[in-house]
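Protein sequences appear in the order of chains C and V. Position 43 of the first sequence, counted from 1, bears residue number 43 in this note's numbering, the numbering being contiguous throughout. Position 182 of the second sequence, counted from 1, bears residue number 1182 in this note's numbering, the numbering being contiguous throughout.
There are 2 protein chains.
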Amino acid sequence: MLVKTKNRKCILKIETIKWDKGAVKIIDQTKLPQKLIYVRCVTVKQVWDAIRILKVRGAPAIGAAAALGVVLGISKKRFSSFNDLRKEVDKLVKYLASARPTAVNLFWALERMKSVVLKNKLDDIKEITQKLIAEASAIIDEDKRTCRKMAQNAQVLIKKNDRILTYCNAGILATVDYGTALGCIYRANELKKNVKVYSCETRPLLQGARLTCWELNKKGVDVTLICDSMAGYLMQQKKIDKIFIGADRIAANGDAANKIGSYSVSVLANFHKIPFYVAAPLSTFDVSLKDGNQIPIEQRSKSEVSELFFKRSITAKGVDVYNPAFDVVPAKLISGIVTEAGVITPPFPKKIARLFKS
Amino acid sequence: MLVKTKNRKCILKIETIKWDKGAVKIIDQTKLPQKLIYVRCVTVKQVWDAIRILKVRGAPAIGAAAALGVVLGISKKRFSSFNDLRKEVDKLVKYLASARPTAVNLFWALERMKSVVLKNKLDDIKEITQKLIAEASAIIDEDKRTCRKMAQNAQVLIKKNDRILTYCNAGILATVDYGTALGCIYRANELKKNVKVYSCETRPLLQGARLTCWELNKKGVDVTLICDSMAGYLMQQKKIDKIFIGADRIAANGDAANKIGSYSVSVLANFHKIPFYVAAPLSTFDVSLKDGNQIPIEQRSKSEVSELFFKRSITAKGVDVYNPAFDVVPAKLISGIVTEAGVITPPFPKKIARLFKS
């Protein structure tokens, strides 16, 4: 079922992802900003595709989508033994984990689902199924609370009239609700800090132009769209007070993978002595990785670059294209990492380790 | 008259601009790479429009186009006195100079045309007209020779197997022939240096994707298209050995205005200790300006950003857009300026002054 909503209508509630009567209901983000279309994924394959082609994207949102994907998968079947259920969950986890490689929240959420099965092997199958549903639900609820906490924690960093540059989309559409980096901005807005946002368009897939501008605009935040190439010029002109971005995976030393281009922005910010903040929940940390070099960087289709977003070629036939989807901001260029547990400041390694010691 | 050429046909000769039987004949660069279309401008207004909407662009090319525009203007009229002719040339110069504000070659070429009139006021009108035609022709011929000289002078900077990043288009299409920054690469290619080029797409108007990739590809140079946001990542991955860009105006201290985004690339190059070279003829220098702060930066239509190149909106209605068309690379981030008089190395001010002392 597709629900179309007119573009100009004021959207009070943007529901990135939710469980809806036996289906994973998401906003098809590839259609924004032209159309706000909700899509109901009724098969696990549809969830996988939605993650793969970025109908749903953003590290926390794809974690939530994958958890609901597991629920969807097991809801379709009857299991005669614990082993049957465990095998099916393992299969679903492996399949959904293959949708995209960089954002660790995907694997984190799937691991949580897998653990529910293993931890409750003495329960009967119906109970385990209920616990899986409860776990997916918890992932979603925690994400909502986490974003609010991050947003509040970030307020020590945001002053009245700040002009903030952001990159890609780390907003409502990247999470279940409220956002990571944009959540910090929404909270500042609620506190009447009158912040102004510059949104880099974020080629190749234009998440900044299409998604960030759309949601900030809907929520009444002052936003100006720029091309990615203009960020340096704006900093040079002293039009930017600080940077807030999200992250897809943060290593033990604080290196943070995020949408391709984030690294350039961090170098530019460093050169202009502008604070560069990353906002991400603890579920985005992967402390099993020593540093950012170990984070796998997704390579995506060349046509995303050569055909823009609208299937029209912008270059000559025969021209090669390179399309890495992420890069890594080295910890030394990060001024602070906003999490639900507070703002972590450099040097990061020991402080991150402390948060994850078990 | 429009001449259409199939995209896939091998183009042996790309003629950016020339005088063609009473018309200024140019390639309509807004149609590339899909179509190679030559347009004949038969009115001065058509020449002005062609410069304004970037049918012809690139500092040296618009200088040549404007000079031919003056020839076109006077060829339409009969003059009864020197004053009549002088007034008409002044009017044409003023009009054509209003097409775009940043590239100084436009004003430089028009000033040359104006000087011809003033220097020859004792000649009869027919002779002055002939001298104006000869001056436009000289501007064109000099541009061709200048590009070849620059290209040769740059060879001390280019090693075998160099991987060169370029930005926007400083090639055949930006000049009468051969190019500035890309001319250096063509010469390296002729010398079998096996260089590899990364071309930034250059948002908003995609001159890198559309024009640079097209002409390098036609000329058999190995070129890979990237989004502007990927330049930093490539440098971090040690995939770039040096940068070559063109310029629209270079101040007395070496500050160089070039397509928006050039500044970001220069900061990134500096951070990664990668040499950053500007290739530009002496006609691109404006030694009347102390530094880059005095270079006027053109602001262009917001729709160039918000509607991509193909009139399809990429952002929500009501979102503001900022669209400066150039920025300035500070002299301190430039490793060398390649000119027809040789490669100028830092510190620039005295060396530039020496080239322009009269």
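Quick reminder that beta carbons are idealized off the backbone N, C-alpha and C, glycines included.
Please report whether the beta-carbon of Y263/C lies at a distance below 7 angstroms from any beta-carbon of chain V.
One-based indexing of the first sequence puts residue 263/C at position 263. At least one chain V Cβ lies under 7 angstroms of Y263/C.
For M1001/V, which residues of its own chain have a beta-carbon under 7 angstroms away from its beta-carbon, when the five flanking residues on both sides are left out?
Position 1 of the second sequence, counting from 1, holds the residue named residue 1001/V. Its pLDDT being 26, under 50, M1001/V is placed unreliably in this model, and the coordinates cannot settle the point.
Which residue spans inside the stretch 145-201 of chain C form an unbroken alpha helix (DSSP H) run of at least 4?
Correct list: 181-190.
How would you write the range of the alpha helix (DSSP H) that G342/C sits in, first residue to last?
Working through the first sequence from its first residue, we reach residue 342/C at position 342. Not the alpha helix (DSSP H): G342/C falls in the beta strand (DSSP E), residues 342-344.
Are the Cβ atoms of M113/C and V156/C separated by less than 7 angstroms?
Counting from one through the first sequence, the residue named residue 113/C turns up at place 113. Counting from one through the first sequence, the residue named residue 156/C turns up at place 156. Not closer than 7 angstroms, so no.
Give the residues from the stretch 222-244 of chain C that approach chain V closer than 7 angstroms (Cβ to any Cβ), ordered along the chain.
Taking 7 angstroms as the Cβ-Cβ cut-off against chain V, the residues of the stretch 222-244 of chain C that qualify are V223, T224, L225, I226, C227, D228, S229, M230, A231, G232, Y233, Q236.
Just the chain V side, please: which residues come within less than 7 angstroms of P204/C by C-beta, in chain order?
Working through the first sequence from its first residue, we reach residue 204/C at position 204. Result: C1227.
Strictly by DSSP, which residues pair up with D327/C?
Taking the first sequence and counting its residues from 1, the one referred to as residue 327/C is at position 327. Paired residue(s): N258/C.
Of the residues that make up the stretch 1253-1279 of chain V, which ones have a beta carbon closer than 7 angstroms to any beta carbon in chain C?
If the cut-off is 7 angstroms between Cβ atoms, the stretch 1253-1279 of chain V has I1260, G1261, Y1263, S1264, V1267, L1268, F1271 near chain C.
Residues of the stretch 1323-1355 of chain V in Cβ contact with chain C at a cutoff of 7 angstroms, in chain order, please.
Of all residues in the stretch 1323-1355 of chain V, P1324, D1327 have a Cβ within less than 7 angstroms of some Cβ in chain C.
Which residues in chain V have a C-beta closer than 7 angstroms to the C-beta of L308/C? List them in chain order.
Translated into the one-based positions of the first sequence, residue 308/C becomes position 308. Simply L1308.
Going residue by residue through the stretch 1221-1295 of chain V, where are the continuous alpha helix (DSSP H) segments of at least 4 residues, counting only ones entirely within it?
Segments of the alpha helix (DSSP H) lying fully in the stretch 1221-1295 of chain V: 1231-1236, 1262-1271.
Quick one: list the residues of chain V neighbouring V305/C, beta-carbon separation under 9 angstroms, in chain order.
Your numbering for residue 305/C matches position 305 in the first sequence. Going along chain V in sequence order, the residues near V305/C (Cβ under 9 angstroms) are E1201, A1209, L1225, I1226, C1227, M1230.
Give a yes or no on whether the C-beta atoms belonging to S1264/V and G232/C are separated by under 7 angstroms.
Against the second sequence, residue 1264/V aligns to sequence position 264. Against the first sequence, residue 232/C aligns to sequence position 232. Yes; because the gap between Cβ atoms is below 7 angstroms, this pair is in contact.
Based on Cα-Cα distance, which residue from A1341/V, K1238/V, K1259/V, Q1130/V lies nearest to Y1167/V?
What you label residue 1167/V is simply residue 167 of the second sequence in a count that begins at 1. Checking every option, the nearest Cα to that of Y1167/V belongs to K1259/V.
Can you list the alpha helix (DSSP H) stretches of 4 or more residues lying completely in the stretch 102-128 of chain C, in chain order?
Correct list: 104-119.
Could you compute how far the alpha carbon of C213/C sits from the alpha carbon of T1224/V?
Position 213 of the first sequence holds residue 213/C. Position 224 of the second sequence holds residue 1224/V. Taking the straight line joining both Cα atoms gives about 30 angstroms.
Tell me the DSSP secondary structure of L206/C in three-state form.
Walking along the first sequence from the start, residue 206/C turns up at place 206. L206/C: coil per DSSP, three-state reduction.
At what residues does the alpha helix (DSSP H) containing R40/C begin and finish?
Within the first sequence, residue 40/C is the residue found at index 40, counting from 1. Per DSSP, R40/C belongs to no alpha helix (DSSP H); it is in the beta strand (DSSP E), 36-41.
For Q1299/V, which beta-bridge partners are listed by DSSP?
Locating residue 1299/V in the second sequence gives position 299, where the first residue counts as 1. P1324/V.
Report the rounded CA-to-CA distance for P1204/V versus V1305/V, giving the unit in angstroms.
On the second sequence, residue 1204/V is found 204 positions in, with the first residue counted as 1. On the second sequence, residue 1305/V is found 305 positions in, with the first residue counted as 1. For P1204/V and V1305/V, the distance between alpha carbons rounds to 5 angstroms.
Name the two residues that bound the continuous beta strand (DSSP E) containing G1336/V.
On the second sequence, position 336 is the one that residue 1336/V refers to. 1336-1339 is the extent of the beta strand (DSSP E) around G1336/V.
Can you pull the chain A residues whose beta carbon is under 7 angstroms from the beta carbon of V1093/V, in chain order?
Given the protein chain composition of this structure (C and V), no chain A is represented.
Does K1332/V come out as helix, strand or coil in the three-state DSSP assignment?
Position 332 of the second sequence, counted from the start, is the residue given in the question as residue 1332/V. Helix.
Using the rule of at least 16 other Cβ atoms within 10 Å of the residue's Cβ for burial, across every protein chain shown, is L1106/V buried or exposed?
Residue mapping note: residue 1106/V aligns to position 106 of the second sequence, counting from 1. Classification for L1106/V: buried.
State the DSSP-derived secondary structure class of E140/C, mapped to helix, strand or coil.
Residue numbering aside, residue 140/C sits at position 140 when the first sequence is read from its first letter. The residue asked about is misnamed: residue 140/C is Ile in this sequence, not Glu. Note: I140/C maps to helix in three-state DSSP.
Could you have a look at I1053/V and say whether DSSP puts it in helix, strand or coil?
Here residue 1053/V refers to the residue found at position 53 when the second sequence is read from its first residue. Coil, per DSSP.
Taking only beta-carbon atoms, is V1070/V less than 7 angstroms away from chain C?
Taking the second sequence and counting its residues from 1, one reaches residue 1070/V at position 70. False, the Cβ-Cβ gap to chain C never drops below 7 angstroms.
At 8 angstroms on the CB atoms, spell out the chain C contacts of V1321/V, in chain order.
Locating residue 1321/V in the second sequence gives position 321, counting from the first residue. Those are T224, L225, I226, listed as they occur along chain C.
Can you give the beta carbon distance from L1234/V to L1165/V, rounded, assuming they're within the 8 angstroms contact cut?
The count along the second sequence starts at 1 and reaches residue 1234/V at position 234. The count along the second sequence starts at 1 and reaches residue 1165/V at position 165. Confirmed, about 7 angstroms.
Given this structure, state the Cα-to-Cα distance separating G292/C from A247/C, to the nearest angstrom.
Taking the first residue of the first sequence as position 1, residue 292/C is located at position 292. Taking the first residue of the first sequence as position 1, residue 247/C is located at position 247. Going from the Cα of G292/C to the Cα of A247/C covers about 12 angstroms.
Ignore the nearest five residues each way along the sequence and tell me which others in K1006/V's own chain have a CB closer than 7 angstroms to its CB.
Within the second sequence, numbered from 1, the residue matching residue 1006/V stands at position 6. Caution applies to K1006/V, whose pLDDT of 37 falls short of 50 and renders its modelled position unreliable; the value that the coordinates give is listed next. The answer is none, since no qualifying residue turns up.
Do the stretch 58-69 of chain C and the stretch 14-34 of chain C meet, that is, are 3 or more Cβ pairs less than 8 angstroms apart?
Yes, they touch.
Buried or exposed for G1171/V, going by 16 or more other Cβ atoms inside 10 Å?
On the second sequence, residue 1171/V is found 171 positions in, with the first residue counted as 1. Result: buried.
Just reading off the beta strand (DSSP E) that I1014/V is part of, what are its end residues?
Start at 1 with the first residue of the second sequence, and residue 1014/V comes out as number 14. From DSSP, I1014/V is part of no beta strand (DSSP E); its letter is neither H nor E.
Let me check one thing: in DSSP terms, what residues is I26/C bridge-paired to?
By one-based count along the first sequence, residue 26/C stands at place 26. DSSP lists I17/C, V39/C as partners of I26/C.
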